[in-house]
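Chemist: Structure incoming, see below.
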């Protein structure tokens with residue numbers, strides 16, 4: 039059996055251009071991501087890539103106070119022996135894997151109404 043392998047390469051003609059609006063939006067997003075990652079790295083609680091994307095998409099507030107309360111919720115869940123936990127902080131919900139110390143996803147206040155959370159061990163409201 040013969041297998042033909044071809045290498046496909048991209049050929050660019052001319053000079054690719056990017057609009058300044060796209061560049062500025064990319065810089066703003068990059069700086070927000072940097073601030074978010076810095077904020078999250080100091081909390082001791084890790085955020086999955088999916089959760090970080092949801093925080094950005096849903097414009098969820100990750101202030102020092104909210105992170106402190108979220109960490110408090112994780113501590114309560116750990117003390118109660120919970121693993122996959124729904125933690126409610128003000129106008130946001132976080133699904134957290136307590137044993138992995140990882141936020142799996144986040145949900146904003148607008149999406150909480152009519153939503154059903156399954157496969158969780160418990161809920162902590164802080």
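Residue numbers (this note's numbering): 39 to 164.
Heads up, the beta-carbon is just placed ideally off N, CA and C, and yes, glycines get one too.
Enumerate in chain order the residues of its own chain whose CB-to-CB distance from residue 155 is below 6 Å, with the five nearest sequence positions on each side excluded.
Modeler: The answer, listed in chain order, is 124.
Chemist: Does residue 86 come within less than 9 Å of chain C when only Cβ atoms are used?
Modeler: Any reference to chain C falls outside this structure, which holds one protein chain only.
Chemist: Going along the chain, which unbroken runs of the alpha helix (DSSP H) with 4 or more residues stay wholly within the stretch 95 to 120?
Modeler: Counting only runs of 4 or more, we get 102 to 117.
Chemist: Any idea what DSSP makes of residue 150, helix, strand or coil?
Modeler: Correct three-state label for residue 150: helix.
Chemist: Going by C-alpha to C-alpha distance, which of 157, 137 and 132 sits closest to residue 145?
Modeler: Here the closest residue by C-alpha is 132.
Chemist: What's the C-alpha gap between residue 135 and residue 93?
Modeler: Taking the straight line joining both Cα atoms gives about 17 Å.
Chemist: So, helix, strand or coil for residue 93, using DSSP?
Modeler: Note: residue 93 maps to helix in three-state DSSP.
Chemist: When you compare each of 117, 152 and 148 to residue 137 by their alpha carbons, which one comes out closest?
Modeler: Comparing Cα-Cα distances from residue 137 to each of 117, 152 and 148, the minimum goes to 117.
Chemist: To the nearest angstrom, report how far apart residue 95 and residue 101 are at their CA atoms.
Modeler: Going from the Cα of residue 95 to the Cα of residue 101 covers about 16 Å.
Chemist: With a CB to CB cut of under 6 Å and the five nearest residues on each side skipped, what residues in its chain are close to residue 160?
Modeler: Excluding sequence neighbours, residue 160 sits near 120 and 123.
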